[in-house]
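Enquirer:
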Amino acid sequence: MGPAGPAGPAGPCAIVLVEGMSDQSALATLAGRLGRDLSGEGVFVVPMGGATNIGHFLEVFGPRGFGVRLAGLCDEGEEPAFRRGLERAGLAPGPGRAGLERLGFFVCVADLEDELIRSLGVAATEQLIEVQGELGPFRTFAKQPAQRARPREHQLRRFMGTRSGRKIHYGHVLAGALDLTQLPRPLAGVLAHF
5 MGPAGPAGPA
15 GPCAIVLVEG
25 MSDQSALATL
35 AGRLGRDLSG
45 EGVFVVPMGG
55 ATNIGHFLEV
65 FGPRGFGVRL
75 AGLCDEGEEP
85 AFRRGLERAG
95 LAPGPGRAGL
105 ERLGFFVCVA
115 DLEDELIRSL
125 GVAATEQLIE
135 VQGELGPFRT
145 FAKQPAQRAR
155 PREHQLRRFM
165 GTRSGRKIHY
175 GHVLAGALDL
185 TQLPRPLAGV
195 LAHF
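Residues in the sequence shown are numbered from 5 upward in steps of one, following the working numbering.
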């Protein structure tokens with residue numbers, strides 16, 4: 005249990021801070037597949053609207069706020085912002101990713117979609133896109149001059165961010181297809197933290 009915050013003792017509540025709603029969707033899907041009821045356990049996955057907002061969320065939920073148990077998930081490029089936010093909130097993570105992970109904060113290489121695609125593989129990801137009725141649009145996207153020379157994994161990641169709501173949808177779809185015995189390390193780590 006965390007220290008008492010401005011609203012009283014934190015109790016058993018825990019917050020997992022994530023960058024966006026696609027992360028929230030993927031974690032909720034995985035938790036359900038693992039037989040966990042996060043909200044029933046008092047664990048709430050909170051999308052911050054971007055990693056740069058971590059300072060605000062740590063003010064509210066961290067040791068100087070409500071004092072709840074915390075964890076988080078961020079993209080590789082946002083690791084410095086997460087680290088600075090944690091340090092400013094009084095949660096010195098220590099050196100390297102191991103220091104972040106001790107606090108329950110895990111880094112996706114390069115981002116959540118990359119972790120999911122690498123875990124599933126390109127062929128399985130394309131099959132899932134086909135099942136969603138979007139293989140044609142994906143192929144059209146992959147033929148665009150800016151995309152042609154890029155690796156297929158990168159094309160898949162970029163495609164998922166091309167339309168509003170698509171990343172959230174595929175966070176759920178891809179997480180729903182993962183082999184539960186071989187979860188991406190950051191996702192397994194953040195779920196195992198509580």
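All residues carry an ideal CB built from backbone N, CA and C; glycine is no exception.
1. Aspartate 79 lies in the beta strand (DSSP E); which residues open and close that run?
2. Should alanine 55 and glutamate 23 be called a contact, given that it needs their Cβ atoms to be closer than 8 Å?
3. Buried or exposed: which applies to serine 26, given that a residue is buried once 16 or more other Cβ atoms fall within 10 Å of its Cβ?
4. Just to confirm the assignment, what range does the alpha helix (DSSP H) spanning phenylalanine 65 have?
5. Under the DSSP definition of a beta bridge, which residues are partnered with alanine 18?
6. Can you grab the Cα-Cα spacing for the pair glycine 69 / leucine 42, in whole Å?
7. Of all the alpha helix (DSSP H) runs that stay within the bounds of the stretch 106 to 144, which reach a length of 4 or more residues?
8. Compare the beta carbon distance of proline 155 and leucine 77 with 8 Å and say whether it is the shorter of the two.
9. By a C-beta neighbour count over all protein chains shown, 10 Å radius and 16 as the cutoff for buried, is lysine 147 buried or exposed?
10. Just how far apart, CA to CA, sit leucine 184 and glutamine 151?
11. Taking threonine 129 as the reference, which of Ala114, Tyr174, Val113 has the closest Cα?
12. Could you give the distance in angstroms between the alpha-carbon of alanine 85 and the alpha-carbon of glycine 137?
Expert: On the basis of the data shown:
1. 73 to 79
2. yes
3. buried
4. 58 to 65
5. Val47, Arg73
6. The straight-line gap from Cα to Cα measures roughly 22 Å.
7. 116 to 124, 126 to 135
8. no
9. Label assigned to lysine 147: exposed.
10. 31 Å
11. Measuring from the Cα of threonine 129, the nearest candidate turns out to be Tyr174.
12. 37 Å
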